[in-house]
Amino acid sequence: MMKKWISRVNRFSVRERGILLATVVVALILLYAQFAWEPLWRSNRSAEQAIAAANLELVDLSAQTDVLRKQLAQDPDAALRKENERLRNQLNARQERLKQNLSRLVAPEEMPELLMALLHKHPGLQVVAVAKLPLRKIQHGEGEAAAVLFSHRVKVVLTGGYFDTLQYIQKIERNESRLRIVDMDYKVDVYPRAEVTLEFETLGLDERWLGV
Numbered sequence: 001m002m003k004k005w006i007s008r009v010n011r012f013s014v015r016e017r018g019i020l021l022a023t024v025v026v027a028l029i030l031l032y033a034q035f036a037w038e039p040l041w042r043s044n045r046s047a048e049q050a051i052a053a054a055n056l057e058l059v060d061l062s063a064q065t066d067v068l069r070k071q072l073a074q075d076p077d078a079a080l081r082k083e084n085e086r087l088r089n090q091l092n093a094r095q096e097r098l099k100q101n102l103s104r105l106v107a108p109e110e111m112p113e114l115l116m117a118l119l120h121k122h123p124g125l126q127v128v129a130v131a132k133l134p135l136r137k138i139q140h141g142e143g144e145a146a147a148v149l150f151s152h153r154v155k156v157v158l159t160g161g162y163f164d165t166l167q168y169i170q171k172i173e174r175n176e177s178r179l180r181i182v183d184m185d186y187k188v189d190v191y192p193r194a195e196v197t198l199e200f201e202t203l204g205l206d207e208r209w210l211g212v
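The opening position of the sequence shown corresponds to residue 1 in full-length UniProt numbering, with each subsequent residue numbered one higher.
Structural data, given as structure tokens:
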């Protein structure tokens with residue numbers, strides 16, 4: 001078979017042999033491209049695409065890192081401190097208003113002295129007993145901005161005539177509301193003398209009581 005092809009080629013002219021050689025070379029090049037170079041090209045192409053995707057991912061990660069770095073450069077507690085400052089200012093303003101209102105009331109530590117001073121102007125009345133009552137906590141508002149007041153109460157038991165008692169009560173009520181009478185009990189002992197139990201209240205920001 002091979003001898004036939006050689007014999008046939010020998011009969012070709014020089015030009016025909018050149019054409020045949022060129023055809024064989026082209027065929028070999030095509031075969032090489034199909035079985036060797038094309039897989040290599042595809043592999044390189046895939047690698048290039050993977051590199052491009054990786055570069056895009058790196059760019060995205062770099063952008064996210066920049067955003068995070070800027071966030072970390074800011075104070076993470078700034079918003080919290082701002083809210084705390086707002087609540088503190090609100091609380092201070094509320095307490096200042098309360099102090100202004102409480103300035104019209106007698107201070108808790110001054111209440112017993114004021115009661116005794118008023119009693120001295122009414123010699124017809126005698127003090128039987130004076131007792132402090134349990135402290136009561138009063139809260140205005142809610143949360144951290146709430147303001148706390150303390151109700152200080154005193155119970156005073158007196159004996160005396162009706163008119164002396166009435167004048168004493170009227171004197172307290174005319175005392176620019178510095179004291180409040182929150183409870184009263186009037187019992188006739190031996191006419192015209194009676195026993196009167198009065199419960200007084202004043203408000204303060206301090207739970208301590210220095211009087212009585």
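Beta carbons are placed, not taken as given, at the ideal position from N, Cα and C, and that holds for glycine. Computed from a prediction, not measured in an experiment: that's the story for all the values here.
Could you check the C-alpha separation between residue i and residue j for me, to the nearest Å?
i, j, result
"A145", "E113", "Unreliable placement is indicated for A145, whose pLDDT of 49 sits below 50; the coordinate value is still reported in the next sentence. Cα to Cα, A145 sits roughly 34 Å from E113."
"D125", "R193", "Correcting the residue identity first, residue 125 is Leu in this sequence and not Asp. So the two alpha carbons sit approximately 10 Å from each other."
"D183", "V196", "11 Å"
"T159", "F150", "29 Å"
"A129", "D185", "14 Å"
"E199", "K155", "4 Å"
"M111", "D77", "46 Å"
"L203", "K70", "52 Å"
"V212", "V190", "At V212 the pLDDT is 45, less than 50, meaning the model places this residue with poor confidence and gives no usable figure here."
Should residue i go down as buried or exposed, given a rule of 16 or more other Cβ atoms within 10 Å for buried?
i, result
"V152", "For the record, residue 152 in the displayed sequence is His; it is not Val. Looking at its Cβ environment, which holds 16 or more other Cβ atoms inside 10 Å, H152 is buried."
"L205", "exposed"
"residue 227", "No information on residue 227 is available, as it lies outside the stretch 1 to 212 that the chain covers here."
Kindly indicate which residue of the options has the alpha-carbon position closest to the one of residue i.
i, options, result
"E201", "I138, Q167 and G160", "I138"
For the beta strand (DSSP E) containing residue i, name the first residue and the last one.
i, result
"L125", "That residue, L125, is in no beta strand (DSSP E); it is neither H nor E in DSSP."
"L198", "R193 to G204"
What does a CB cutoff of less than 7 Å around residue i pick up in its chain, not counting 5 residues either side in sequence?
i, result
"L118", "Y168, K171 and I172"
"H122", "D164, Q167 and Y168"
"V157", "V128, A129, E195 and T197"
"K187", "A194 and E195"
"H120", "none"
What is the residue span of the alpha helix (DSSP H) that residue i lies within?
i, result
"residue 226", "Residue 226 cannot be examined here, being either before or after the span of the chain that is shown, 1 to 212."
In its own chain, which residues sit with a C-beta less than 8 Å from the C-beta of residue i, not counting the 5 before and 5 after it?
i, result
"L133", "R153, V154, K155 and E199"
"Y162", "P192 and A194"
Indicate whether at least one CB of chain B lies closer than 7 Å to the CB of residue i.
i, result
"R86", "Included in the structure is just one protein chain, with no chain B present."
By Cβ distance, which residues of its chain are closer than 6 Å to residue i, with the 5 residues on each side in sequence left out?
i, result
"R136", "S151"
"A131", "K155"
"R180", "E201"
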